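A quick write-up on the structure given underneath.
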Amino acid sequence: MLQRFRGLQQLFTIRPANPKDVSNLSDILTESFYRNIADAPSLINLLVRQLTNWVYPLLRYGITIDLNSRFNEQSPCYICLVATHPANKSQAIASLEICMRSVPIKPRQGFWQDLWRWQDTHESPYIFNLAVHPQWRRRGVAKQLLLAAEQTAKQWGFSRLYIHVLEDNHAARSLYDRLGYHLHSQEGTMPHYLLGRPRQFLLKKKL
Ligand SMILES: CC(C)(COP(=O)(O)OP(=O)(O)OC[C@H]1O[C@@H](n2cnc3c(N)ncnc32)[C@H](O)[C@@H]1OP(=O)(O)O)[C@@H](O)C(=O)NCCC(=O)NCCS
């Protein structure tokens, strides 16, 4: 699979990842999911940033091990897609992964429904670890990766695609909203009400 998309100003290539991408992807994922904290100059933010710098190599190492194990498993219903720029086709600038995962058949959106775990589920394609290198954001890369993921899910014979997003991830929520993802289930309501943690939303798109 090799797809080319014209972004706002750039031409990106979307292709399946290979083992040579692992190091680069580990950097993008660690940077995106662990250093992506608010810029407000509070003492807590400064401490969190300092702590993240100390444990960064450990976090990156864990991500590398996870990626390698998923790549080596060679499951028929797993794929990691990467985006590259023509100026350097060997260097991934963004990625996402798709696997099969159990999701609740019926939407689960209330406090009590979230606590009631025994619900009918079905296996469906599920996107995770979508991340774009900070220098390449707002150029349509994530959008093109998500469109390529839809093609993949259709090729696997499915008509629905799911993804999780945290309530306070406004960039990602705006992206998914724009691409036609809708709220399916709400999770993490107990930590939300007791500890002020952001809820997790399971979004669905009909293809
Ligand atoms: C969220 C993320 C993947 C978006 O990647 P991106 O390549 O910058 O997104 P795109 O350029 O394809 O954006 C497409 C549309 O999504 C919306 N969008 C994307 N980022 C946004 C932001 N920071 N604020 C508001 N809207 C945003 C916009 O509508 C945008 O269209 P526009 O640029 O024409 O206004 C990227 O910010 C990222 O890697 N974040 C850290 C990791 C993460 O949160 N991943 C998602 C986990 S659920």
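Everything in the sequence shown is counted per our numbering, starting at 2 for the first residue and increasing by one.
Where is the CB? At the ideal position from N, CA and C, for every residue including glycine.
It should be emphasised that the depicted structure is a prediction, and the values quoted were computed from it without experimental measurement.
- By the Cβ test, the region 183-190 is not in contact with the region 130-150, since fewer than three Cβ pairs between them sit closer than 8 Å.
- Between the region 126-135 and the region 150-164, the count of C-beta pairs closer than 8 Å reaches three or more; the two stretches touch.
- In this structure, the beta-carbon distance from Ala95 to Val142 falls below 7 Å.
- In the displayed model, Phe159 falls within coil according to three-state DSSP, outside both helix and strand.
- In terms of Cα proximity to Asn89, the closest of Arg174, Thr14, Glu168, Leu184 is Thr14.
- For Ala173, the enclosing alpha helix (DSSP H) stretches over residues 171-179.
- In the same chain as Pro17, and ignoring 5 residues on each side of it, the C-beta atoms closer than 8 Å to its own belong to Met2, Ile80, Cys81, Leu82, Val83, in chain order.
- For Ser33, same chain residues with a beta-carbon under 6 Å away, outside a window of 5 residues either side, are Ala132 in chain order.
- By the Cβ neighbour-count rule, Thr85 is buried, with 16 or more other Cβ atoms within 10 Å of its own.
- The shortest CA-to-CA distance from Tyr62 to any of Leu30, Ser91, Phe72, Gln92 is the one to Leu30.
- At least one heavy atom of ligand 1 falls within 6 Å of the beta-carbon of Arg138.
- Taking C-beta atoms under 8 Å as the contact rule, Lys205 and His183 qualify, at a distance of about 6 Å.
- With a cut-off of 6 Å, the C-beta of Ser76 is classified as distant from ligand 1, since no heavy atom of the ligand falls inside that distance.
- For Arg36, the closest C-alpha among the options Pro105, Asn19, Leu60 is that of Leu60.
- In this structure, DSSP gives Leu167 an extended state, which the three-state scheme calls strand.
- Within the region 80-154, the runs of alpha helix (DSSP H) that reach at least 4 residues and sit entirely inside it are, in chain order, 112-116.
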